[in-house]
Structures are given as C-alpha cells and as structure tokens.
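Residue numbers (this note's numbering): 242 to 323.
Encoded structure:
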C-alpha cells in the first residue's frame with residue numbers, strides 16, 4: 242500500500258478511482274485511521290470530489306474505529322479527521 246500511496250502522490254494523473262483504491266485498501270486491511278487520513282488529504286489537497294464508492298469506504302473506517310457519531314455526520318457534510 243505504501244508503494245501505491247507513493248505512486249499516487251508522484252503522478253500528475255490522479256483520479257477518484259486511484260484515491261478510492263488506496264482508501265479502500267487501507268480500510269480493508271484494518272488500517273482505518275490511515276484510510277481516514279488519506280481521505281482527508283484527498284479533500285484538502287486536491288480538487289477531486291468523493292463519489293459513491295468513497296461514501297461506502299469512509300463510514301466503514303469510522304465504524305471500525307468506533308467513531309459512529311462521526312460516521313453518521315457524513316450524511317450532512319464531510320468530517321475531517323485530525
């Protein structure tokens with residue numbers, strides 16, 4: 242995952258598909274905090290908007306971290322993890 246993460250940051254052809262792949266990979270491998278940090282980075286540092294796939298990965302990461310209240314707030318607006 243670190244190699245994919247590094248490659249994404251080095252390429253100029255970033256897309257929501259690449260960001261989602263890394264966010265989902267972190268999430269599916271139990272690295273939920275890393276998934277949320279990477280999601281936050283996407284929102285803060287790019288012009289890429291979350292899509293339906295992002296909206297399924299991010300709440301899952303919050304739930305796995307037992308941050309259910311924060312995960313529910315995604316319905317009303319994005320929450321940036323610290």
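For every residue, glycine included, the Cβ atom is placed at its ideal position computed from N, Cα and C.
Helix or strand or just coil, what does DSSP make of residue i?
i: residue 298; result: helix
i: residue 290; result: coil
For the alpha helix (DSSP H) containing residue i, name the first residue and the last one.
i: residue 274; result: 273 to 286
i: residue 259; result: 257 to 269
Roughly how far, in whole angstroms, is the beta-carbon of residue i from the beta-carbon of residue j, given that I think they are within contact range, below 8 angstroms?
i: residue 301; j: residue 268; result: 6 angstroms
i: residue 257; j: residue 280; result: With a Cβ gap of about 11 angstroms, residue 257 and residue 280 do not count as contacting.
i: residue 299; j: residue 277; result: 7 angstroms
i: residue 255; j: residue 289; result: 7 angstroms
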